[in-house]
């Protein structure tokens, strides 16, 4: 089935460690997005990419990095510079063709810093 | 510029009664509008979308929404709430204009509680 796969679903990290969250889509979508969700704060955009080998910072990019070497893949690295990384992370993708544009979401990855 | 305001952060309804979730938006371009639902520890699922066709949009699970340009609103309704409707709901506006960066804006979410 077509969709977006995020892994791992749960991840624990010690302070000072970098971790990478995986996001893969087989929908042939142009654009991919990473959001962070904290209780009571809705979704905040971390990074997005509209084309391979190009990406832009969102509203809360500090302490995060991404790459887009393949159309299907958009991994997110949470670095040790991110001061409060414990959160629920959501990856999404969408086509940029006219008259479409809805986001398709993965099931999320919950990161806990110990 | 665009923005989305969900007018209620929490809504409580009894099972079998109507549900109304309110969303107002602003956009410099002709927008696309979406409603998503999120159950705990899950991703967001699309309920319905408006993309400049019919102003009354029917979605999954008995939900529908009406686009009212004059009121800049896109309220979500369901005639009869079910226990499984307890979740968080997000209204989203999108401008599919390259010059605007194909920008997406999320509302703050409305948490729905369904009482038996």
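Protein chains in written order, with the numbering used here: chain E, 51 to 164; chain F, 180 to 295.
For glycine and all other residues, C-beta sits at the position ideal for the given N, C-alpha and C.
Residues bridged to residue i [DSSP beta-bridge criterion]
i	result
residue 109/E	Its beta-bridge partners do not exist; DSSP assigns none.
residue 218/F	Partner(s): none; residue 218/F has no beta bridge.
residue 284/F	272/F
residue 55/E	74/E
residue 139/E	86/E and 159/E
residue 189/F	290/F
residue 233/F	None, per the DSSP bridge assignment.
residue 206/F	181/F
residue 267/F	217/F and 290/F
Bounding residues of the beta strand (DSSP E) (the contiguous stretch that carries residue i)
i	result
residue 256/F	252 to 257
residue 245/F	243 to 247
residue 162/E	159 to 163
residue 228/F	223 to 229
residue 239/F	Where residue 239/F is concerned, there is no enclosing beta strand (DSSP E), given that its DSSP letter is neither H nor E.
residue 181/F	181 to 185
residue 153/E	From DSSP, residue 153/E is part of no beta strand (DSSP E); its letter is neither H nor E.
residue 292/F	289 to 294
residue 146/E	Segment: none, residue 146/E is in no beta strand (DSSP E) and carries neither H nor E.
For residue i, the nearest candidate out of the options (CA to CA)
i	options	result
residue 124/E	105/E, 154/E and 61/E	105/E
residue 293/F	248/F, 264/F and 286/F	264/F
residue 240/F	227/F, 252/F and 246/F	227/F
residue 86/E	54/E, 128/E and 144/E	128/E
residue 271/F	158/E, 146/E and 153/E	153/E
residue 112/E	53/E, 92/E, 133/E and 103/E	133/E
residue 249/F	295/F, 206/F and 190/F	206/F
residue 269/F	208/F, 213/F, 195/F and 235/F	213/F
residue 184/F	295/F, 262/F, 266/F and 200/F	200/F
residue 65/E	117/E, 58/E, 131/E and 114/E	131/E
residue 252/F	295/F, 244/F and 192/F	244/F
residue 282/F	97/E, 76/E, 157/E and 139/E	97/E
residue 158/E	238/F, 221/F and 237/F	221/F
residue 230/F	190/F, 246/F and 257/F	246/F
Members of the stretch 133 to 161 of chain E that neighbour chain F once the beta carbon cut-off is set at 9 Å = Cβ contacts with chain F come from 138, 140, 141, 142, 144, 146, 147, 148, 149, 150, 151, 152, 153, 154, 155, 156, 157, 158 and 160.
Mind pulling the beta strand (DSSP E) runs of 3 or more residues that sit fully within the stretch 61 to 130 of chain E?
-> Note on the stretch 61 to 130 of chain E: whole beta strand (DSSP E) runs with a minimum of 3 residues are 69 to 75, 81 to 87, 93 to 101, 104 to 107, 114 to 116 and 126 to 128, in chain order.
Determine which residues of the stretch 188 to 221 of chain F have a Cβ less than 9 Å from any Cβ of chain E, and write them out in chain order.
-> Within the stretch 188 to 221 of chain F, the qualifying residues are 188, 211, 213, 215, 217, 220 and 221.
Taking Cβ-Cβ distances below 7 Å as the criterion, which residues of the stretch 231 to 249 of chain F are in contact with chain E?
-> Look at the stretch 231 to 249 of chain F: it has no residue with a C-beta under 7 Å from a C-beta of chain E.
Of all the residues that make up the stretch 118 to 129 of chain E, which are near chain F by a beta-carbon distance shorter than 9 Å?
-> Residues: none.
Closer than 9 Å, Cβ to Cβ, to anything on chain F: give me those residues from the stretch 81 to 97 of chain E, in chain order.
-> Residues of the stretch 81 to 97 of chain E with a C-beta less than 9 Å from any C-beta of chain F: 81, 83, 85, 87, 90, 91, 92, 93, 94 and 95, listed in chain order.
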